[in-house]
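K.L.:
Below you will find the structure I want to go over with you.
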Amino acid sequence: MKRMIIDCDPGHDDAIALILAHSHAEVLGITTVAGNTSIDNTTANALGICELLGVGTQVYRGASKPLRRESTYAHAVHGESGLGDVELPRHSRTESTISAVEYLLENVDTDVWVVPIGPLTNIAQVIQEDPDWGSRIAGLSIMGGSTTVGNVTAVAEFNISHDPEAADIVWRSGIPIKMCGLNLTHQLIADDSIVACLREANPSNSELKTLATFAADCYDNILAAIENLRGQRQAALHDLCAVLALTHPDLFRFEDRHVAVETTGTHTSGMTVVDERFSPGKTANTEVAYEIDSDRAMSIVLGAFGAE
Ligand code: RIB
Ligand code: CA
1 MKRMIIDCDP
11 GHDDAIALIL
21 AHSHAEVLGI
31 TTVAGNTSID
41 NTTANALGIC
51 ELLGVGTQVY
61 RGASKPLRRE
71 STYAHAVHGE
81 SGLGDVELPR
91 HSRTESTISA
101 VEYLLENVDT
111 DVWVVPIGPL
121 TNIAQVIQED
131 PDWGSRIAGL
141 SIMGGSTTVG
151 NVTAVAEFNI
161 SHDPEAADIV
171 WRSGIPIKMC
181 GLNLTHQLIA
191 DDSIVACLRE
201 ANPSNSELKT
211 LATFAADCYD
221 NILAAIENLR
231 GQRQAALHDL
241 CAVLALTHPD
251 LFRFEDRHVA
261 VETTGTHTSG
271 MTVVDERFSP
281 GKTANTEVAY
291 EIDSDRAMSI
301 VLGAFGAE
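Here our numbering is used: the first residue of the sequence shown is 1, the next is one more, and so on.
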């Protein structure tokens, strides 16, 4: 099993990614960052998801705002709580006294992947603290950016757009990066048929049934938010793609590309500029995901909830 640390901003799709990661990988720890909602809420949600999973994974609080900009939460999609009106179990868990940056600095080795599925603020702060950190991890599997369209602007994806300066530091660091951008995640879509699958799941044990119901509630929530915003009940399974890229790499087609992050463009700030020329100007620094076997991927995702 791959060993990984998930850096996240739960967030409905972060929650599903955390559940999938715990069923297919060894999750060493969870670090939280402000993004979909405040750091208080993303950290509380991460603790509640660990309670829901019944796992001992520790949660380490991270950055409350981007390196230089103000936070631009995604409340329109994820609600103020980060999980809309989806409830998590009550619990008495507490976050670690160790910060996300301290944890990431001290608890990695060359066999550990770090999976950022929110803004890259924590990762950038770690790199600023220790420029050699990247040589001490296996690499980063990032949900972020895009080779095509954005979802915050025409060209900027939320995780990058929230903290472009952090993403710029990460992409210039030389750390091995796998990138699942919107061009990829938009190939893996949840709709009402998936919600029905999860609701009808009749897994052998009550824990899986509880997880399937939670996932169905999450997708019901996010489908309603997207219907309200865009008039269609379809939601990409963004964050879990960065987990599957490590646990099931045979589902993907990756290409080596040079990626740079725009931080100053009037119309392009937060864009991941992917060099697709036959003779690119610079050496590739990223494995960019272009295709996923979405049928097999969806089957794996549903299987993690006892639903087929
Ligand atoms: O653009 C998709 C990303 O933004 C996902 O990580 C989702 O959780 C939101 O944060
Ligand atoms: Ca996220």
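Virtual Cβ for every residue (Gly too), placed ideally from N, Cα, C.
#1: Since Val86 and Cys218 are thought to touch, with beta carbons under 8 Å apart, how far apart are those beta carbons, to the nearest angstrom?
#2: Within this structure, are the beta carbons of Asp9 and Gly84 separated by less than 8 Å?
#3: Candidates Val195, Ser146, Asn107: which alpha carbon is nearest Gly134's?
#4: Should Arg296 go down as buried or exposed, given a rule of 16 or more other Cβ atoms within 10 Å for buried?
#5: Would you be able to state if there are at least three C-beta pairs under 8 Å between the region 47-62 and the region 87-105?
#6: With DSSP as the reference, label Met4 as helix, strand or coil.
#7: Buried or exposed for His267, please, with buried defined as at least 16 other CB atoms from any protein chain shown within 10 angstroms of its CB.
#8: Measuring only from the beta carbon, is Gly84 closer than 7 Å to any heavy atom that is part of ligand 2?
#9: Per DSSP, what kind of secondary structure is Ser269 in: helix, strand or coil?
#10: What residues sit near ligand 1, counting only those whose C-beta is closer than 6 Å to one of its heavy atoms, in chain order?
#11: Between Val59 and the rest of its own chain, which residues show a CB-CB distance below 7 Å, the 5 nearest in sequence each way excluded?
#12: Is DSSP giving Val170 helix, strand or coil here?
#13: Taking just the CA atoms, how far does Pro116 sit from Leu28?
#14: Roughly how many angstroms separate the alpha carbons of Ile123 and Gly35, rounded to a whole number?
#15: Based on Cα-Cα distance, which residue from Ala245, Gly306, Val149, Arg61 lies nearest to Ser206?
#16: Do Leu240 and Ala25 come within 8 Å of each other at the CB atom, strictly closer than that value?
#17: Per DSSP, which one or two residues make a beta bridge with Thr32?
#18: Which class does Leu140 belong to by DSSP, given the choice of helix, strand or coil?
#19: For Leu237 versus Ala190, is the C-beta spacing smaller than 8 Å?
#20: Between Gly145, Leu140, Leu20, Leu246, which lies nearest to Ile300 when the distance is taken from Cα to Cα?
#21: Near His75, which residues of its chain fall below 7 Å by C-beta distance, leaving aside the five closest residues on each side in sequence?
#22: Could you check which residue in Leu302, His258, Glu70, Val152 has the C-alpha nearest to that of Glu165?
#23: Can you tell me whether His238 is helix, strand or coil according to DSSP?
P.N.:
Well, looking at it:
#1: What you label residue 86 is simply residue 86 of the sequence shown in a count that begins at 1. What you label residue 218 is simply residue 218 of the sequence shown in a count that begins at 1. That pair is a contact at about 6 Å.
#2: On the sequence shown, residue 9 is found 9 positions in, with the first residue counted as 1. On the sequence shown, residue 84 is found 84 positions in, with the first residue counted as 1. Cβ atoms of Asp9 and Gly84: not closer than 8 Å.
#3: Reading the sequence shown from its first residue, position 134 is the one you call residue 134. Ranking Val195, Ser146, Asn107 by Cα distance to Gly134 puts Asn107 first.
#4: Translated into positions along the sequence shown, residue 296 becomes position 296. Counting Cβ neighbours within 10 Å, Arg296 comes out exposed, since fewer than 16 surround it.
#5: The region 87-105 makes contact with the region 47-62; the number of CB pairs closer than 8 Å reaches 3 or more.
#6: For the purposes of this step, residue 4 is identified with residue 4 of the sequence shown, where counting begins at 1. If DSSP states are grouped into helix, strand and coil, Met4 belongs with the strands.
#7: Within the sequence shown, numbered from 1, the residue matching residue 267 stands at position 267. It counts as exposed.
#8: Within the sequence shown, numbered from 1, the residue matching residue 84 stands at position 84. Checking the Cβ of Gly84 against ligand 2 gives no.
#9: Along the sequence shown, read from residue 1 onward, the residue named residue 269 stands at position 269. Ser269 sits in coil when the DSSP states are folded into three classes, being neither helix nor strand.
#10: My final list is Asp9, Gly11, Asp13, Asp14, Gly35, Asn36, Ala74, Ile117, Gly118, Met143, Asn151, Glu157, Phe158, Asn159, His238, Asp239.
#11: Locating residue 59 in the sequence shown gives position 59, counting from the first residue. Excluding residues within five positions, the ones whose Cβ falls inside 7 Å are Ile30, Thr32, Thr43, Ala46, Leu47, Cys50, Glu95, Ser96.
#12: For the purposes of this step, residue 170 is identified with residue 170 of the sequence shown, where counting begins at 1. When DSSP states are grouped into helix, strand and coil, Val170 belongs to the helix group.
#13: For the purposes of this step, residue 28 is taken as the residue at position 28 of the sequence shown. For the purposes of this step, residue 116 is taken as the residue at position 116 of the sequence shown. Between Leu28 and Pro116, the C-alpha separation is close to 14 Å.
#14: For this step, residue 123 is matched to residue 123 along the sequence shown. For this step, residue 35 is matched to residue 35 along the sequence shown. Their backbone Cα atoms lie some 14 Å apart in a straight line.
#15: Mapped onto the sequence shown, residue 206 falls at position 206. Looking at the Cα atoms, Gly306 is the closest of the given residues.
#16: Here the question's residue 25 lines up with position 25 in the sequence shown. Here the question's residue 240 lines up with position 240 in the sequence shown. In this structure, Leu240 does not lie closer than 8 Å to Ala25 by Cβ.
#17: Position 32 of the sequence shown, counted from the first residue, corresponds to residue 32. DSSP lists Cys8 as partners of Thr32.
#18: Here residue 140 corresponds to residue number 140 of the sequence shown, with the count starting at 1. Correct three-state label for Leu140: strand.
#19: Here residue 237 refers to the residue found at position 237 when the sequence shown is read from its first residue. Here residue 190 refers to the residue found at position 190 when the sequence shown is read from its first residue. Yes, they are a contact pair.
#20: Residue 300 sits at position 300 when you count from the first residue of the sequence shown. Minimum Cα distance to Ile300 is reached at Leu20.
#21: Your numbering for residue 75 matches position 75 in the sequence shown. Once the five neighbours on either side are set aside, the close Cβ partners of His75 are Thr37.
#22: Indexing the sequence shown from 1 puts residue 165 at position 165. It is Glu70 whose Cα lies nearest to the Cα of Glu165.
#23: Taking the sequence shown and counting its residues from 1, the one referred to as residue 238 is at position 238. Correct three-state label for His238: coil.
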